[in-house]
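Here is the structure we will look at.
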Amino acid sequence: MIGGGKHKGSTSASGQQSWRALAGARSGTRIQSTQARKRRQVQMLKLLGVFAVFVSIVAAITWGVIAFKKRQEPIQIATPSKPVETIIFDTDGVLPSRWLGTVIELRRDTNMMEVDIYLMKQQLEAHGQVKTASIERQFPSALKIEIKEHEPVLRMRVMGADGQPETRIVSRAGTVYKGVGYPAATLGSLPFVLPYRHPETGFQPLRGIERVAELLEDTRRTQPNFYKTWQLVSLEHYSGDPEMPGEVIEVRTTMVPRIIFGLNTDFAQQLDRLGVVLQYVQSRGNPALKRIDLSLQGSAAVQFESGRISTF
Numbered sequence: 081m082i083g084g085g086k087h088k089g090s091t092s093a094s095g096q097q098s099w100r101a102l103a104g105a106r107s108g109t110r111i112q113s114t115q116a117r118k119r120r121q122v123q124m125l126k127l128l129g130v131f132a133v134f135v136s137i138v139a140a141i142t143w144g145v146i147a148f149k150k151r152q153e154p155i156q157i158a159t160p161s162k163p164v165e166t167i168i169f170d171t172d173g174v175l176p177s178r179w180l181g182t183v184i185e186l187r188r189d190t191n192m193m194e195v196d197i198y199l200m201k202q203q204l205e206a207h208g209q210v211k212t213a214s215i216e217r218q219f220p221s222a223l224k225i226e227i228k229e230h231e232p233v234l235r236m237r238v239m240g241a242d243g244q245p246e247t248r249i250v251s252r253a254g255t256v257y258k259g260v261g262y263p264a265a266t267l268g269s270l271p272f273v274l275p276y277r278h279p280e281t282g283f284q285p286l287r288g289i290e291r292v293a294e295l296l297e298d299t300r301r302t303q304p305n306f307y308k309t310w311q312l313v314s315l316e317h318y319s320g321d322p323e324m325p326g327e328v329i330e331v332r333t334t335m336v337p338r339i340i341f342g343l344n345t346d347f348a349q350q351l352d353r354l355g356v357v358l359q360y361v362q363s364r365g366n367p368a369l370k371r372i373d374l375s376l377q378g379s380a381a382v383q384f385e386s387g388r389i390s391t392f
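Here this note's numbering = 1-based position in the sequence shown + 80.
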């Protein structure tokens, strides 16, 4: 019995050792399976990377071939152009459309894209009456030209090449030019400006005309009837620098031979004093006047033909 028990116990012990061995073997198998799975994942990632590189290379080669073929194909840079059939002319002044033919040359068969709009702009703006010019292509066959003109404020008498007097226009910007298209009434309303100029000396822009234009506008607005009597504006004592002390503008009218305006006093104040003086003279039976000096600070000096001088 005892011997039989040992045998059973021995068999039991032997069975326990076999279970551990089996358990250890199963554990090792699990470890090996996990490592194999990781190796397979790494291999798959490598294959995917190689495939992605391959696809990128193929795509780059394909794009290069397509780009090379496109480069060899002719590219149309300019749009199909028709000859110029219509010129649309617009101006904010008085220049007539026929004036264009005296400034620019355009053949009948000139295509739209052949028109040098920059050269045309220079040709138009070279005319003294033109302040700015813009040219625009309006496809399929129209050319639009827009002109902004200088504002005329004065007239100037000059001696022409044949010795005959000619009229030039002085703009608000001081440019001197031969006016085109102005009605006679417009020219007649512009006072003349001194000094006279000979064309051989050239016509540089006159300085300080903006201030002269302000005086003319203020007078036209506040005393329109009196402004109609203005005949001449003398710049003999006006250098064009309004900040220069003692600068004056002299105006000659049919009512008063000489009116002196100062540049250092507001024109509105001087015109108010002028109105007071003219009312006083009218109330006294309109005695002949010789000179009204409005350039004085705070007063006006009036000289009558009789020699009497009064201050206002």
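Using N, Cα and C, we set each Cβ at its ideal position, and we do this for glycine too. Predicted, not measured: the structure shown is a model, and the values here were computed from it.
Bounding residues of the alpha helix (DSSP H) (the contiguous stretch that carries residue i)
{"i": "glycine 355", "result": "347-363"}
{"i": "isoleucine 304", "result": "Sequence inspection shows proline at residue 304; the isoleucine mentioned does not correspond to that position. Per DSSP, proline 304 belongs to the alpha helix (DSSP H) from 304-307."}
{"i": "tryptophan 199", "result": "Sequence check: residue 199 is leucine here, not tryptophan. Taken as a continuous stretch (DSSP letters only), the alpha helix (DSSP H) holding leucine 199 covers 197-205."}
Secondary structure of residue i, DSSP reduced to three states
{"i": "phenylalanine 384", "result": "strand"}
{"i": "glycine 268", "result": "helix"}
{"i": "phenylalanine 341", "result": "strand"}
{"i": "alanine 222", "result": "strand"}
{"i": "arginine 217", "result": "strand"}
{"i": "phenylalanine 169", "result": "strand"}
{"i": "valine 256", "result": "strand"}
{"i": "leucine 296", "result": "helix"}
{"i": "leucine 376", "result": "coil"}
{"i": "valine 210", "result": "strand"}
{"i": "leucine 286", "result": "coil"}
{"i": "leucine 274", "result": "strand"}
{"i": "glutamate 194", "result": "helix"}
Close-in-space but distant-in-sequence residues of the same chain around residue i (CB under 6 Å, 5 per side omitted)
{"i": "serine 375", "result": "Val328, Ile340 and Gly342"}
{"i": "serine 177", "result": "Phe169"}
{"i": "valine 195", "result": "none"}
Beta-carbon gap between residue i and residue j smaller than 8 Å
{"i": "glycine 208", "j": "tyrosine 262", "result": "no"}
{"i": "valine 233", "j": "leucine 270", "result": "yes"}
{"i": "valine 250", "j": "methionine 239", "result": "no"}
{"i": "isoleucine 389", "j": "alanine 381", "result": "yes"}
{"i": "glutamate 290", "j": "arginine 252", "result": "yes"}
{"i": "serine 314", "j": "leucine 274", "result": "yes"}
{"i": "tyrosine 360", "j": "phenylalanine 392", "result": "yes"}
{"i": "threonine 333", "j": "glutamine 311", "result": "yes"}
{"i": "isoleucine 197", "j": "isoleucine 184", "result": "no"}
{"i": "proline 285", "j": "threonine 255", "result": "yes"}
{"i": "isoleucine 225", "j": "leucine 186", "result": "no"}
{"i": "glutamate 297", "j": "histidine 317", "result": "no"}
{"i": "phenylalanine 347", "j": "leucine 267", "result": "no"}
{"i": "glycine 365", "j": "aspartate 321", "result": "no"}
{"i": "isoleucine 167", "j": "leucine 223", "result": "yes"}
Delimiting residues of the beta strand (DSSP E) encompassing residue i
{"i": "arginine 186", "result": "In the sequence as presented, arginine is not what sits at residue 186; that position holds leucine. Looking at the DSSP string, leucine 186 is not in any beta strand (DSSP E), and its letter there is neither H nor E."}
{"i": "lysine 162", "result": "Careful: lysine 162 lies outside any beta strand (DSSP E) and carries neither H nor E."}
{"i": "methionine 236", "result": "232-239"}
{"i": "aspartate 251", "result": "One detail in the question is off: residue 251 reads as serine in this sequence, not aspartate. Segment 245-251, the beta strand (DSSP E) holding serine 251."}
{"i": "lysine 370", "result": "369-373"}
{"i": "glutamate 330", "result": "328-333"}
{"i": "valine 313", "result": "310-314"}
{"i": "serine 390", "result": "389-391"}
Close beta carbons around residue i, own chain, < 7 Å, minus the five adjacent residues each side
{"i": "lysine 228", "result": "Asp172, Lys211 and Thr212"}
{"i": "methionine 192", "result": "Ser161, Lys162, Val164, Arg217, Phe219 and Ser221"}
{"i": "glutamine 61", "result": "This structure leaves residue 61 out entirely; the chain is present only between 81 and 392."}
{"i": "arginine 353", "result": "Leu374, Ala380 and Phe392"}
{"i": "glutamate 431", "result": "Summary: the structure shown does not reach residue 431, with the chain confined to residues 81 through 392, and so no result is reported for it."}
Residues near residue i in its chain [Cβ-Cβ closer than 8 Å; skip 5 each side]
{"i": "aspartate 189", "result": "Pro163"}
{"i": "proline 367", "result": "Val361, Phe384, Glu385 and Ser386"}
At least 3 beta-carbon pairs within less than 8 Å: the stretch 337-349 vs the stretch 360-376: Counting Cβ pairs under 8 Å, three or more are found: they touch.
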